[in-house]
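Residue numbers (mature numbering (1 follows the signal peptide of the UniProt record, and there is no 0)): -29 to -1, 1 to 254. Glycine residues also receive a C-beta, built at the ideal position from the N, C-alpha and C atoms.
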């Protein structure tokens, strides 16, 4: 059984948190799952240009997608390489490659700069969001940048949105955010060799996660579109690892429509990746 396509799939995506890849007859190597951005508790979609961490350890995001999520207007001046973002009474101006920027007429300094990559303008999310009056927070454990219209409660462990559970349709799978379980959920591109859905089951030792609740949520997600017997086999395999120090053998499960890969290194979360059969390629 080959798992090398798993590594290739994840390699297509940009900026990931620690996850798993498997190769035949060898120990699995550490890889990463996507760097994410959430606004008001809901993940933002970046269809053709992914966020990344720059050398200054700042999260850079495609300005158009983030601005649309916030309801801001964006103007690009190619001659001066200047991007201007307006939201309500706030305006921020950045010049590609320059650390000086302007917020409502006031010059400010940052330790990074906006970028222009493959025709897309990337901006440092913290400086832009806060310049527009929003609040930002970074969770390195899951490599996720959170944006909120209101200040974050330092005592609050849940993601933005408070106790409100937010539902999202990910290629036909209805998933829930802000449940408190700490299940990591990422929407894939559903392109050849890439999953429609990636899930990470963490352990309490990692980030105070609720292992049993995450397992139940994974089961409920899979039951929506995956054959019942296949789901049962997957869950039996997942529950073989009950401690973060254990290793879970990488396995692939199939029904008529989906291929699901499951596995975990020692000291790693359990990775569950769901592919449409047509997009799962075994070398």
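- Of the candidates 51, 20, 26 and 70, the residue whose Cα lies closest to the Cα of residue 37 is 20.
- Going by beta carbons, residue 142 and residue 161 fall inside the 8 Å limit.
- Counting only the Cα atoms, residue 224 lies some 33 Å from residue 135.
- Residues of the same chain with a CB within less than 7 Å of the CB of residue 108, apart from the 5 flanking positions on each side, are 117 and 123 in chain order.
- In the three-state reduction of the DSSP assignment, residue 29 falls in the coil class, being assigned neither a helical nor a strand state.
- Under the DSSP assignment, residue 207 falls in the alpha helix (DSSP H) whose first and last residues are 199 to 209.
- In this structure, residue 67 sits away from residue 34, with a CB-CB distance that is not shorter than 8 Å.
- One Cα belongs to residue 120, the other to residue 104, and the distance between them is close to 8 Å.
- Between residue 138 and residue 182, the alpha-carbon positions lie close to 20 Å from each other.
- Taking a contact as a CB-CB distance under 8 Å, the pair residue 164 and residue 252 counts as one, their CB atoms being some 5 Å apart.
- By a beta-carbon distance limit of 8 Å, residue 96 contacts residue 32. Their separation comes to about 5 Å.
- Within the model, the alpha-carbon separation for residue 84 versus residue 100 is close to 14 Å.
- When the five nearest sequence neighbours on each side are left out, the beta carbons in the same chain lying within less than 6 Å of the beta carbon of residue 29 are those of 83 and 95, in order along the chain.
- Here DSSP, grouped into helix, strand and coil, assigns residue 73 to strand.
- When secondary structure is reduced to three states using DSSP, residue 119 falls in the strand class.
- Between residue 167 and residue 205, the gap from beta carbon to beta carbon reaches 8 Å or more.
- If you draw a straight line from the Cα of residue 221 to the Cα of residue 115, it is about 26 Å long.
- Exclusion of the five residues before and after residue 78 leaves 71 and 72 as the residues of its chain whose Cβ lies within less than 8 Å of its Cβ.
- Residue state for residue 67 is assigned as coil, using DSSP reduced to three classes.
- It is roughly 15 Å from the alpha-carbon of residue 194 to the alpha-carbon of residue 169.
- For residue 252, no beta strand (DSSP E) segment is defined, and its DSSP state is neither H nor E.
- Around the beta carbon of residue 212, a 10 Å sphere encloses 16 or more other beta carbons of the protein chains shown; the residue is thus reported as buried.
- The bridge partners DSSP lists for residue 148 are 137.
- Straight across, the Cα-Cα distance linking residue 25 with residue 198 is about 42 Å.
- Comparing alpha carbon positions, the residue from 189, 12 and 219 closest to residue 106 is 12.
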